[in-house]
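Worksheet: the structure to be examined is printed underneath.
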Amino acid sequence: MPASRDLAPVFAHIDQNADRIVADLQELCRQPSISTAHVGIEEMAALVKRRLERTGFQAALHRTQGHPIVTGIHPGAGKKTLLFYNHYDVQPAEPLSEWTSPPFEARVVDGYVIARGSTDNKGNIISRLAAFEALLAVRGELPCDVKYLIEGEEEIGSPSLETFIPAHKELLAADGCVWEDTFREDVPVLDLGNKGLLYLELTCRTANVDFHSSNGQIYENAAWRLVWALNTMKDENENVKVEGFFDDVAPLTAKEEELLERIPPYAGEERKRRFALRRFVLDLPDAGLPRRHLTVPSFNIAGFDAGYTGEGVKTIVSGRARAKLDFRLVVNQDPAKITACIRRHLDKHGFADVGVRMLFRSYPAKSDPESDLVRACERASRHLYEKDAVINPFGVGGTPTWMVIRELGMPLVSTGVGYVTARTHSANENLKVEHLIEGAKYMAAICEEFAAH
Numbered sequence: 093m094p095a096s097r098d099l100a101p102v103f104a105h106i107d108q109n110a111d112r113i114v115a116d117l118q119e120l121c122r123q124p125s126i127s128t129a130h131v132g133i134e135e136m137a138a139l140v141k142r143r144l145e146r147t148g149f150q151a152a153l154h155r156t157q158g159h160p161i162v163t164g165i166h167p168g169a170g171k172k173t174l175l176f177y178n179h180y181d182v183q184p185a186e187p188l189s190e191w192t193s194p195p196f197e198a199r200v201v202d203g204y205v206i207a208r209g210s211t212d213n214k215g216n217i218i219s220r221l222a223a224f225e226a227l228l229a230v231r232g233e234l235p236c237d238v239k240y241l242i243e244g245e246e247e248i249g250s251p252s253l254e255t256f257i258p259a260h261k262e263l264l265a266a267d268g269c270v271w272e273d274t275f276r277e278d279v280p281v282l283d284l285g286n287k288g289l290l291y292l293e294l295t296c297r298t299a300n301v302d303f304h305s306s307n308g309q310i311y312e313n314a315a316w317r318l319v320w321a322l323n324t325m326k327d328e329n330e331n332v333k334v335e336g337f338f339d340d341v342a343p344l345t346a347k348e349e350e351l352l353e354r355i356p357p358y359a360g361e362e363r364k365r366r367f368a369l370r371r372f373v374l375d376l377p378d379a380g381l382p383r384r385h386l387t388v389p390s391f392n393i394a395g396f397d398a399g400y401t402g403e404g405v406k407t408i409v410s411g412r413a414r415a416k417l418d419f420r421l422v423v424n425q426d427p428a429k430i431t432a433c434i435r436r437h438l439d440k441h442g443f444a445d446v447g448v449r450m451l452f453r454s455y456p457a458k459s460d461p462e463s464d465l466v467r468a469c470e471r472a473s474r475h476l477y478e479k480d481a482v483i484n485p486f487g488v489g490g491t492p493t494w495m496v497i498r499e500l501g502m503p504l505v506s507t508g509v510g511y512v513t514a515r516t517h518s519a520n521e522n523l524k525v526e527h528l529i530e531g532a533k534y535m536a537a538i539c540e541e542f543a544a545h
């Protein structure tokens with residue numbers, strides 16, 4: 093029987109419990125869980141475990157070398173099993189002065205929950221639990237077996253997950269995985285994997301101290317030397333000049349080209365207005381933004397540190413300089429190979445003294461666009477929103493989807509609640525209450541559609 097015939101009572105139950113669903117989100121958001129500072133992690137992991145148990149899951153808290161990982165299992169009526177992934181950790185809230193209300197108070201203002209973690213990622217946890225609760229209340233059972241994996245280190249690179257998943261393949265075995273979230277205002281987005289992420293630190297030292305700037309005409313300046321080194325790697329037209337950087341980039345398949353053609357143009361002018369953007373790189377038109385965003389690897393200077401950067405005046409010649417670089421890698425690019433390319437490039441161009449250190453890496457991965465899970469998400473979108481979902485053949489983030497796709501060998505779709513203006517990782521992170529409630533209905537529909545076909 094098509095799932096759409098009997099979802100109306102499930103949706104009605106979610107609507108009737110909207111206030112409680114919001115309160116559940118507020119409860120999670122009021123518990124800080126800042127992974128980089130190790131603040132509130134144990135309390136948050138215990139709270140997540142209790143929430144799973146309240147929904148009827150057999151839940152477990154797994155100790156790791158880092159932060160606890162929480163898993164849950166709930167039997168269902170069908171033959172299929174669906175794995176859900178989220179994370180309970182959040183980014184730091186600083187700068188606190190930029191928040192319009194305290195970041196862990198979780199106030200509802202004009203229909204938005206304002207809190208750190210409201211969208212990334214606690215709102216997605218609650219929307220999914222609300223979906224399961226509604227299905228159980230209306231049907232007395234879930235349409236398929238459901239497994240849950242919730243970690244506490246996503247914001248710091250998921251180091252414990254990398255060893256946990258290979259060691260728990262049987263526990264996590266499923267027919268598909270619904271990943272944490274994606275972002276769009278008006279219709280669900282399906283990301284079929286992610287870019288990889290490489291984070292490098294480049295260092296240059298020309299002396300063991302900084303000097304009075306009156307010596308600038310005789311002492312070498314480390315800041316200038318590192319600027320010149322960086323200038324050899326990328327030009328003003330966004331061309332990456334590092335030999336070998338693009339060698340392993342996989343060509344797009346016919347299906348990926350088809351999906352890219354179906355992606356609506358970005359709302360460029362709206363983004364410029366909201367974020368005070370001067371321009372898009374290469375003055376790209378709105379229609380050209382999605383393809384470049386999704387398929388082109390990035391070469392980004394994330395930070396630069398040299399000399400005096402405090403208030404007022406201090407005249408020095410820098411003896412030390414440091415740059416942080418991050419690269420969003422596409423399918424087949426390997427972080428170790430790219431690091432080696434950077435090292436060779438610097439040596440070849442006379443910068444053998446510039447140090448290169450890898451601080452973090454994750455791998456790109458993609459999932460099958462023709463999988464049963466993708467089709468279930470598409471049907472769920474049409475049923476709830478009366479619109480086709482936007483399907484991105486790759487996501488732009490660096491979340492560890494590769495661990496599930498590679499290690500567990502299952503199809504994966506990242507989809508959930510959120511939107512471009514949710515201000516994740518920034519002050520005044522927010523989640524629209526309407527999106528939270530719609531997200532619960534969408535997750536219920538995905539479960540039904542996946543189990544029914």
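Residue numbers (the working numbering): 93 to 545. We put the beta carbon where it would ideally sit given N, CA and C, even for glycine.
If the criterion is Cβ atoms closer than 8 Å, does the pair residue i and residue j meet it?
i	j	result
Leu386	Ser459	no
Val509	Gly215	yes
Leu282	Asn522	no
Glu272	Tyr177	yes
Ile538	Ala468	yes
Leu438	Lys261	no
Val140	Val525	no
Thr128	Pro184	yes
Leu234	Gly168	yes
Asp278	Gly411	no
Can you name, in chain order, every residue of its own chain whose Cβ lies under 6 Å from the Cβ of residue i, other than the five neighbours on each side?
i	result
Ala223	Ala532, Met535 and Ala536
Asp98	none
Gly164	Leu144, Phe149, Ala151 and Tyr240
Ile161	His154, Glu243 and Phe256
Glu190	Ala519
Lys347	Pro461
His105	Ala226, Ala229 and Val230
Thr516	Thr211 and Asp212
Ser305	Thr407, Ile408 and Val409
Tyr180	Ser125, Met136, Val140, Ile242 and Gly244
Thr274	Val281, Asp283, Ser506 and Thr507
Candidates the options: which alpha carbon is nearest residue i's?
i	options	result
Ile126	Ser410, Glu246 and Val279	Glu246
Ile434	Gln183, Val201, Thr211 and Ala321	Ala321
Gly490	Leu284, Arg146, Leu263 and Val230	Leu284
Pro62	Arg371, Asp378 and Leu476	The structure shown does not extend to residue 62, since the chain spans only 93 to 545, so no value can be given for it.
Thr156	Val238, Cys121, Ile217 and Ala137	Ala137
His475	Ile497, Glu541 and Phe486	Glu541
Arg384	Glu312, Val466, Ser306 and Glu330	Glu330
Arg208	Ala169, Val279 and Glu119	Glu119
Gly395	Gly249, Val319 and Val270	Val319
Lys364	Arg436, Val423 and Leu376	Leu376
Leu264	Leu175, Asp340, Val334 and Phe275	Leu175
Ala543	Val114, Asp267 and Gly442	Asp267
In its own chain, which residues sit with a C-beta less than 7 Å from the C-beta of residue i, not counting the 5 before and 5 after it?
i	result
Glu293	Arg414, Lys416, Arg449 and Leu451
Arg142	none
Gly158	Glu245, Pro251 and Ser252
Met495	Leu253, Glu254 and Ile257
Gly360	Phe372, Asp378 and Leu381
Ala472	Tyr534, Ala537, Ile538 and Glu541
Ser96	Confidence in Ser96 is poor, its pLDDT being 47 and thus under 50, which makes the residue's placement too unreliable to answer from.
Phe103	Lys533
For residue i, collect the residues of the same chain with a Cβ closer than 8 Å to its Cβ; drop the 5 residues on either side in sequence, then sort them by chain order.
i	result
Asp107	Ile529
Leu421	Lys287, Gly288, Leu289, Leu290, Pro389, Pro427, Ile430, Tyr455 and Pro456
Arg112	none
Glu134	Pro160
Identify the continuous alpha helix (DSSP H) that holds residue i and give its terminal residues.
i	result
Leu139	Ile133 to Arg146
Lys534	Sequence inspection shows Tyr at residue 534; the Lys mentioned does not correspond to that position. Start and end: Val525 to Ala544.
Gly360	Gly360 to Phe367
Ile434	Pro427 to Lys440
Ile393	Not the alpha helix (DSSP H): Ile393 falls in the beta strand (DSSP E), residues Asn392 to Ala398.
Asn313	Looking at the DSSP string, Asn313 is not in any alpha helix (DSSP H), and its letter there is neither H nor E.
So who's on the other strand from residue i, going by DSSP bridges?
i	result
Phe419	Leu290
Arg412	Arg297
Asn307	For Asn307, which the question treats as bridged, DSSP gives no partner whatsoever.
Tyr204	Val201 and Lys524
Met450	Leu292
Ile355	In the DSSP output, where bridge partners are listed per residue, Ile355 has none listed.
Trp271	Ser506
Asp283	Asn484 and Ser506
Tyr177	Leu241
Specify, as a first and last residue, the run of the beta strand (DSSP E) that residue i falls within.
i	result
Gln108	Not the beta strand (DSSP E): Gln108 falls in the alpha helix (DSSP H), residues Ala100 to Gln108.
Lys239	Asp237 to Glu243
Tyr477	Looking at the DSSP string, Tyr477 is not in any beta strand (DSSP E); the run it does join, the alpha helix (DSSP H), is Asp464 to Tyr477.
Ile257	Segment Pro251 to Ala259 is the alpha helix (DSSP H) holding Ile257; no beta strand (DSSP E) there.
Thr163	Ile161 to His166
His154	Gln150 to His154
Could you tell me whether any non-hydrogen atom of the ligand PLP is closer than 7 Å to the CB of residue i?
i	result
Ser193	Among the components of this structure there are no ligands whatsoever, and the ligand PLP is therefore not found.
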